[in-house]
Amino acid sequence: MLKTSCLNIPFANPLVLASGILGVTAASMHKIIRDGAGGVTVKSISKAPRTGHPNPTMMGNDTYFLNAVGLSNPGIENGIAELIQFKKICPAPLIGSIFAGTADEFAELAELIAVAPIDILELDLSCPNVGREFGEPFAYSASAIGRITRETKAKVKVPISIKLSPNAWNIAELAKMAEAAGADAITAVNTVSGMAIDVRARRPILHNKQGGVSGPALFPIALKCVYDIYEAVKIPIIGTGGVMTGEDALKMIMAGATLVGVGSAVYYRGADVFGKIVAEMTEIMKQENIGSLDEIRGVAHGIM
Amino acid sequence: MHIPQMLSIKKITDENPFVKTFWFNYNLNSQPGQFVMLWIPGIDQKPFSIAYDDSAEFGLTIFAVGSLSKKLFELRVGDRVGISGPYGTAFSIQNDTHYITVAGGYGAGPLGLLTERLAATTNSTVDFCVGARSADLLLFKDRMAKLPHTTVQVATNDGSAGHTGFITDILSGLIQKSHGKKIILATCGPELMEKKVLDCANKNNVDCEVSIERFMKCGFGVCGQCCVDPLGLRMCMEGPVVNRATANSISEFGNYHRDKSGAKIYY
């Protein structure tokens, strides 16, 4: 009932682990598949290892989750070893994720990671937590997104998905530009910029001061982004941002998503949240006589 | 909610020349083996095991080894730090059992708290085994010696107190001595010491509980930094304290761990 095909890759269900939550190691990603996900996205990888920001890097309350991990990762060499190990122990679809400081570096890194058995490559050009070091120069620039997409596509055969920022007021335009430049899919959205302050400490809680907001507070923002992007492009969308429940996942699909990224829900409902969401989706689909996700994809647009 | 609470340091006591305990008036309601995250704004936030918790106050016993703990050693009574938790799994507390707790370094903290709870709430007996380089560095020897049905066992590398050598040298002897009783080995300390304790438990076929430390960012199961191979268990949630079967299933235990970036570091 939940079987989904995205870019001709079969997924047992549309739920994929979003990049940056768990997903540091092959073993951790395999556990997420055992817990019910249809696919996984590795935590974003850079050329050299990075330790990320000092702590606190994450915090959460009932309405939002906030993080500024600072793109810590073991570097491309160790990262590829984990991706190879994952495919050795698990046949589920694997989404690679990379970030870099320039279009040239994106293309170079894509070429390196393409030796790993990844099914889709996500370009994380919209992390809100590393300021001008990465992300920000590209996240809001249609021309930069076009250039990175084109240069990367020229180097690799693996389908690429461009991960966009909800901070961009013109996210649908950016998605259109990515599509025109050859992107195979859009991942929408990254976290939205935010901050928390501790009154007694009189300081921002995150060491990085600002961070990315996810969790329930991000959901309506992400849903609108996916809805707008669906009207602008024909390529599939990995709808990500604040999905907590089966109901949320179905809303994402009705807005036009093909796959549904799940991240912070691990914080709110545990690592086995994937299985819970699958069960909830199945239950609602039975009640609503929905036979397959293809029946309802984009249905909220009223054009079907 | 996983947000630090700013708590005032109520007192600071010396445990040995290099180790202090920082006390807070707060009902943490923790179980022995659990940990808290301690935040000093602008510096860092790290996990610390809990060495004292009597529901009126709790104490963190700390070596000054990194930037955060060094900064903490500069703070005074009345200064505030951010505490979140308690997090993670705990050692079991069972009746009719002979516990052999094996501590190295700051591992004496959670095992000291465990031994206190066992003495106060069970009829179990305890061999509290603690090792150090020399007699002046031994932690909680006097604190444990006061407890009922508890025997303190000491080893020092230089022979200045107790057995000369490693604390793990005396384990088989202690197991033989208590045969007939249900035995649990509980260990916390340097991983290669813990591995020897686990090996000893396997050899003698007795229960074992091991506290496995891995690099943690969040402490509440989201960042994935503390996941261990090959099952991907999170040491902040499914650990740090794991039973013998789980410890045996963790192939990286005693072999390698991952650093702050996620790269493997072999022991």
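Top to bottom, those sequences are chains A and B.
The first sequence begins at 1 in UniProt numbering and counts up one residue at a time.
The second sequence begins at 1 in UniProt numbering and counts up one residue at a time.
The beta-carbon is built from N, C-alpha and C at its ideal position, and this holds for glycine as well.
Which word fits Lys157 of chain A, buried or exposed, when buried means at least 16 other C-beta atoms lie within 10 angstroms of its C-beta? Taking every protein chain shown into account, the CB of Lys157 of chain A has fewer than 16 other CB atoms within 10 angstroms, so this residue is exposed.
Rounded to a whole number of angstroms, what is the C-alpha to C-alpha distance between Gln210 of chain A and Ala201 of chain A? 16 Å
Which whole-angstrom value is the C-beta distance of Ser211 of chain B and Cys188 of chain B, which I expect to be below 8 Å? 4 Å
Please classify Leu125 of chain A: is it buried, with 16 or more other beta-carbons within 10 angstroms of its beta-carbon, or exposed? buried
By Cβ distance below 6 Å, which residues in the same chain neighbour Val81 of chain B in space, the five residues on each side in sequence not counted? Leu38 and Ile40
Outcome for Thr61 of chain B when other beta-carbon atoms lying within 10 angstroms are tallied against a minimum of 16: buried
Starting from the C-beta of His2 of chain B, find all residues in its chain whose C-beta is less than 7 Å away, skip the five residues before and the five after it, and write them out in chain order. Ser84 and Phe220
For Arg297 of chain A, three-class secondary structure by DSSP: coil
Where Glu213 of chain B sits in the DSSP three-state scheme: Of the three classes helix, strand and coil, the one that applies to Glu213 of chain B here is coil, per DSSP.
Measure the alpha-carbon distance for Leu142 of chain B versus Ser124 of chain B and round it to whole angstroms. According to the sequence provided, residue 142 of chain B is Asp. The question's Leu does not apply to it. If I take the Cα positions, the gap works out to 20 Å.
To the nearest angstrom, report how far apart Val16 of chain A and Arg133 of chain B are at their CA atoms. Our two residues, Val16 of chain A and Arg133 of chain B, have alpha carbons roughly 50 Å apart in a direct line.
From Val77 of chain B to Asn170 of chain A, what distance separates their C-alpha atoms? Distance between the alpha carbons of Val77 of chain B and Asn170 of chain A is about 52 Å.
Enumerate, from N- to C-terminal direction, the unbroken alpha helix (DSSP H) stretches of 4 or more residues contained entirely within the UniProt domain "FAD-binding FR-type" (2 to 93) of chain B. Inside the UniProt domain "FAD-binding FR-type" (2 to 93) of chain B, DSSP marks whole alpha helix (DSSP H) runs of 4 or more residues at positions 67 to 74, from first to last along the chain.
Given that Cys227 of chain B touches chain A, what residues does it touch there, using C-beta distances under 8 Å? Within 8 Å of the CB of Cys227 of chain B, the CB atoms of chain A belong to Leu22, Val24, Thr25, Ala27, Ser28 and Lys31, in sequence order along the chain.
At a Cβ threshold of 8 Å, is Gly146 of chain A touching chain B? no
Thinking C-alpha only, which one of A:Thr152, A:Thr245 and A:Ser292 is nearest Gly270 of chain A? Of the listed residues, the one whose Cα sits closest to Gly270 of chain A is A:Thr245.
Hey, out of B:Thr156, B:Gln225 and B:Lys10, whose CA is closest to Pro47 of chain B's CA? B:Gln225
Quick one: which chain A residues come within Cβ less than 7 Å of His2 of chain B? Met59 and Gly60
Can you find a C-beta in chain B that's less than 8 Å from the C-beta of Arg200 of chain A? yes
Of all Cβ atoms in chain B, is any one closer than 8 Å to the Cβ of Tyr64 of chain A? no
Three Cβ pairs or more, each shorter than 8 Å: is that satisfied between the region 281 to 288 of chain A and the region 30 to 41 of chain A? Look at the beta carbons and you see the region 281 to 288 of chain A not touching the region 30 to 41 of chain A: under three pairs across the two are nearer than 8 Å.
Is Thr57 of chain A closer than 8 Å to Ala48 of chain A when the C-beta atoms are compared? It is not a contact, given that the beta carbons lie outside the stated cut-off.
Under the three-state DSSP convention, the category Asp104 of chain A falls into: helix
Here's the rule: buried if 16 or more other CB atoms are within 10 angstroms of the residue's CB, otherwise exposed. What is Tyr52 of chain B? buried
Taking the alpha carbon of Glu247 of chain A as the point to measure from, which residue in A:Tyr230, A:Glu280 and A:Ile237 has its own alpha carbon closest? Residue A:Glu280 is the option with its Cα nearest to Glu247 of chain A.
Helix or strand or just coil, what does DSSP make of Arg133 of chain B? Correct three-state label for Arg133 of chain B: coil.
With 8 Å as the threshold, decide whether the Cβ of Lys71 of chain B is near any Cβ in chain A. no
Closer than 8 Å to chain A by CB, Gln34 of chain B: no
Three CB pairs or more closer than 8 Å across the region 220 to 237 of chain A and the region 256 to 269 of chain A: yes
Pro220 of chain A CB to nearest chain B CB: under 8 Å? Against chain B, the CB of Pro220 of chain A has no partner CB under 8 Å away; the residue lies outside that interface.
Contact set between Lys46 of chain B and chain A, taken where Cβ atoms lie within less than 9 Å: Asn55
Give the single residue among B:Ser249, B:Tyr266, B:Gly262 and B:Ala247 whose Cα lies nearest to the Cα of Asn255 of chain B. For Asn255 of chain B, the closest C-alpha among the options B:Ser249, B:Tyr266, B:Gly262 and B:Ala247 is that of B:Tyr266.
Quick one: does Pro230 of chain B have its CB under 8 Å from some CB of chain A? yes
Identity of the residues DSSP links to Thr125 of chain B by a beta bridge: B:His98
Nearest-angstrom Cα separation, counted from Val262 of chain A out to Phe274 of chain A: 8 Å
Whether Thr187 of chain A touches Ser161 of chain A by CB criterion (8 Å): yes
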